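Trainee:
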Amino acid sequence: MTALPRIRLTRLPRPLIIGGTILGISLILALFPAAFAPYDPLAFDYGALNQAPSMAHPFGTDNFGRDVLSRIIHAYRVDMQIAIFATVFAFSFGTIIGALVGYVGGRVEALFGRLVDAIITFPFLVLVIAIVSVLGPGLINMYIAVSVVGWVFYARIIAAEIKVQKRLDYADAGRAMGYTHLRIIFRHLLPNAITPAVVYWMTDMALAILLGSSLGYLGLGAQPPAAEWGVQIADGKNFMSTAWWISVFPGFAIILTGLGFSLLGDGLAEVMRARK
Amino acid sequence: MTAPLLSVQKLSTRFHTPRGVLTAVNEVSFDVRPGEIFGLVGESGSGKSVTLRSLTRLLPYGATIDGVVLWQGQDLVGMSDTAIRKVRGGQISMIFQEPMTALNPVLPIRVQITENLKAHTDLDSSGRAARARELLDIVGIPDAARRLDEYPHQFSGGMRQRAMIAIALASNPKLLLADEPTTALDVTIQDQILNLLLDLRDDLGMSVVFVTHDLGVVAATCDRMAVMYAGRIVETGTVTDVFRGPMHAYTRGLLGSIPRSGTERSMLLSIEGTPPGLASIPNGCAFHPRCVFASDICREKRPDLRPLGPDRAVACHHSDAVLAAGSVLA
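Protein sequence lines correspond, in order, to chains A and B.
For the first sequence, our numbering assigns the number 5 to the initial residue and increments by one for each residue that follows.
For the second sequence, our numbering assigns the number -4 to the initial residue and increments by one for each residue that follows.
#1: Identify, in the order they occur along the chain, each residue of the same chain with its Cβ nearer than 6 Å to the Cβ of PRO19 (chain A), setting aside the five sequence neighbours on each side.
#2: On the three-state DSSP scale, how would you describe ASN21 (chain B)?
#3: So if DSSP puts THR12 (chain B) in a beta bridge, which residue, or which two residues, is it bridged to?
#4: Please list, in chain order, the residues of the stretch 119 to 149 of chain A that have any C-beta partner in chain B closer than 7 Å.
#5: Given the structure, does ALA281 (chain B) come close to the ligand FAD, in the sense that its CB is under 6 Å from one of the ligand's heavy atoms?
#6: Cα separation between VAL92 (chain A) and TRP205 (chain A)?
#7: Over the uninterrupted alpha helix (DSSP H) stretch that includes MET242 (chain B), give me the two end residues.
#8: Among B:HIS243, B:PRO168, B:VAL36 and B:GLN187, whose alpha-carbon lies nearest the alpha-carbon of MET201 (chain B)?
#9: Hey, which unbroken runs of the beta strand (DSSP E) at 3 residues or more fall wholly within the stretch 157 to 214 of chain B?
#10: Between ARG9 (chain B) and the rest of its own chain, which residues show a CB-CB distance below 6 Å, the 5 nearest in sequence each way excluded?
#11: Determine the direct distance from the alpha carbon of TYR221 (chain A) to that of GLY234 (chain A), and round the result to whole angstroms.
#12: Please classify TYR183 (chain A) as buried or exposed, where buried requires at least 16 other C-beta atoms within 10 Å of its C-beta.
#13: Looking at C-beta atoms only, is the number of pairs between the stretch 152 to 167 of chain A and the stretch 52 to 70 of chain B that lie closer than 8 Å three or more?
#14: Is DSSP giving PHE33 (chain B) helix, strand or coil here?
#15: Does the stretch 75 to 91 of chain A touch the stretch 30 to 46 of chain A, meaning 3 or more C-beta pairs lie closer than 8 Å?
#16: Identify the continuous alpha helix (DSSP H) that holds THR46 (chain B) and give its terminal residues.
#17: Can you pull the chain A residues whose beta carbon is under 9 Å from the beta carbon of VAL64 (chain B), in chain order?
#18: Please classify GLN67 (chain B) as buried or exposed, where buried requires at least 16 other C-beta atoms within 10 Å of its C-beta.
#19: Going by CA-CA distance only, name the one from B:VAL317, B:LEU54, B:THR(-3) and B:VAL101 that's closest to SER7 (chain B).
#20: My assumption, with CB atoms under 8 Å, is that ILE213 (chain A) sits in contact with ALA87 (chain A). Please give the rounded CB distance.
#21: Among B:GLY272, B:PRO284 and B:CYS280, which one has its Cα closest to the Cα of VAL309 (chain B)?
#22: Among residues of its own chain, excluding the 5 on either side of ASN145 (chain A), which ones have a beta-carbon nearer than 7 Å to its beta-carbon?
#23: DSSP on SER314 (chain B), reduced to helix/strand/coil?
#24: So, helix, strand or coil for GLU145 (chain B), using DSSP?
#25: In whole angstroms, give me the CA-to-CA distance for ALA377 (chain B) and ASP236 (chain B).
#26: Over the uninterrupted beta strand (DSSP E) stretch that includes ALA221 (chain B), give me the two end residues.
#27: Just to make sure I have the definition right: I need the residues of chain A whose C-beta is within less than 9 Å of the C-beta of GLU110 (chain B). Which are they?
#28: Kindly give me the distance between the Cβ atoms of ARG75 (chain A) and GLN236 (chain A), rounded to whole angstroms, as I take these residues to be in contact under 8 Å.
#29: Is there at least one Cβ from chain B nearer than 7 Å to ILE11 (chain A)'s Cβ?
#30: Looking at the unbroken alpha helix (DSSP H) that takes in SER217 (chain A), where does it start and where does it end?
#31: Which term fits TYR245 (chain B), buried or exposed, when burial requires 16 or more other beta carbons within 10 angstroms of its beta carbon?
#32: Using beta carbons (cut-off 7 Å, strictly below), is ILE174 (chain A) in contact with chain B?
#33: Helix, strand or coil: which one does DSSP assign to MET154 (chain B)?
#34: Between ARG227 (chain B) and the rest of its own chain, which residues show a CB-CB distance below 6 Å, the 5 nearest in sequence each way excluded?
#35: Within the stretch 112 to 140 of chain B, note down every full alpha helix (DSSP H) run reaching 4 residues or more, in order along the chain.
#36: Once the 5 residues before and after ALA316 (chain B) are set aside, which same chain residues still bring their CB inside 8 Å of it?
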């Protein structure tokens, strides 16, 4: 390779490169799991139950003889979906509400502050579990539950940023040019205010995977026999002393993907700070 | 005498604070004529910037405005929010002191110009692009095609102020409100921007209200001027008349505090004391504690703004004595 791309790559923060690489590979696995998985993730093989890692099954097999590696690869599709769908609505809705609340300020903001207090008083997981129990288990209901609770965190971040931005001269200049309030909020202030929310979003995706796996483990998220990391860990919990690989390898997958999102978030924060 | 473009009558602006009501602008009246540059002069806190912002009601929440601001037969003070948005930026535009903070840091200049065009004109996207290039040419930014896609931080201070002016002029306003547009610039750049404003006034037939504390800038650009002190206009007239024969002790003091070249080395006069805070404006003439001409009447009775001719008015009990003392410039 020529020197040019190397120079440009090294100028990017290392966390961004590493996190981006991890997530890039994750995304490819999520899009084309069948191309990489050596076995059918749902196929039982009663001739190979609870087998330790070997050449034929690098991560071993579970109590139904399913290949753990293949199940982990197929689970990328579900868990990457969870990362995105469990956060994207909270991010969008929270950003819009936060921008409006921060701009209007005054009593609206005070009221919003109480609402935020009320929601964050409950432990996040307990609240989500409560909502899922009412709606019934399953991924869609889990997305709904997480979004209903999660938007307030984004809204709080954006509201605080907009409050800072709206006092700056360029916001006044926008008013002096006769722009409508909505135009000033979303076209002029929001691009200046959104950075911390985007960084938080990356972290939140890592948390969403953990949450999705937790709910899967508890039987409230993805339903067996679907391959999902949390479900896999739950499957293996009765065999921990004899077949640790059933639970441990999906655990590593969670850690690795979570790390990818965290590093990407850190890297993005660094880039955006440098740009300012 | 031509009909005024903008007529301000008994404009008062009050801020309602937890510690009471502060009157920042007190019964200010003046006219701006077509094609004229009108200077609003005073120290920090004299109310000149608040006056400027009150014209199009660009004030923080909790401020109230009384009086009349007549613009093309309509009163801007009583106008609906929707209607005044059409005036702002379209008919009456504004430029600010700090071009760095008054430009949006994350949007390229092209977007910031087209934002104004979208709000106030019917141009389609190619028309807006052409107008954006034309505007950079008008304000003297070379290489417009390339610079349009640059961000404010890639511009120098003078170029930023030019870009700010380009945005303000986008929809052909008839009146430009300039809030100390040259204060943050160094002197050579300041001169270029002032010349640009003078050229624009001539080429576009625009009027300008120019707020500044710099009397040198007023002398170089303005046709008529009003001097403000503690929220009131204390003296008004053509720039020539006021500079040649100041009739208010405060104006005379201000003129005495400009360094001059071409004369023998002379003492730089300064006005003793500081301007009063809005919460503690003295009785009588607000300037009396700092005034060398002050007498008993100044402490008791506030002088009215007396018209002395078509373009001349002063609010001073001892204007004759001040005039007789002569301009420090003469």
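Just so you know, even glycine gets a beta-carbon here, dropped at the ideal spot from N, CA and C.
Note that the structure is a prediction, hence the values are computed from the model and not measured.
Mentor: From the atom records:
#1: LEU267, ASP270 and GLY271
#2: strand
#3: Its beta-bridge partners are B:GLY15.
#4: none
#5: Looking for the ligand FAD in the displayed structure turns up nothing, as the structure carries no ligands at all.
#6: Distance between the alpha carbons of VAL92 (chain A) and TRP205 (chain A): 8 Å.
#7: Taken as a continuous stretch (DSSP letters only), MET242 (chain B) belongs to no alpha helix (DSSP H), as it is neither H nor E.
#8: Measuring from the Cα of MET201 (chain B), the nearest candidate turns out to be B:PRO168.
#9: 170 to 174 and 202 to 207
#10: VAL16, THR18 and THR59
#11: Answer to the nearest angstrom: the Cα atoms are 5 Å apart.
#12: buried
#13: no
#14: strand
#15: yes
#16: 43 to 50
#17: Within chain A, no residue comes near VAL64 (chain B); the closest Cβ sits about 15 Å away, beyond 9 Å.
#18: exposed
#19: B:LEU54
#20: 5 Å
#21: B:CYS280
#22: VAL136 and LEU139
#23: helix
#24: Of the three classes helix, strand and coil, the one that applies to GLU145 (chain B) here is coil, per DSSP.
#25: No answer is possible for residue 377 (chain B): the residues shown for chain B start at -4 and end at 325.
#26: 219 to 224
#27: For the C-beta of GLU110 (chain B), the chain A residues within less than 9 Å are, from N- to C-terminus, GLY178, MET181, TYR183, ARG187, ARG191 and HIS192.
#28: Their Cβ separation, rounded to whole angstroms, is 6 Å, which keeps ARG75 (chain A) and GLN236 (chain A) in contact under 8 Å.
#29: Below a pLDDT of 50, predicted positions are generally treated as unreliable, and ILE11 (chain A), at 46, falls in that range; the measurement from the model is reported next regardless. So no, ILE11 (chain A) is outside the interface.
#30: 199 to 222
#31: buried
#32: First, the amino acid is wrong: residue 174 (chain A) is Tyr here, not Ile. Yes, its Cβ sits closer than 7 Å to a Cβ of chain B.
#33: helix
#34: ASN21
#35: Here the runs fully enclosed are 120 to 133.
#36: PHE288
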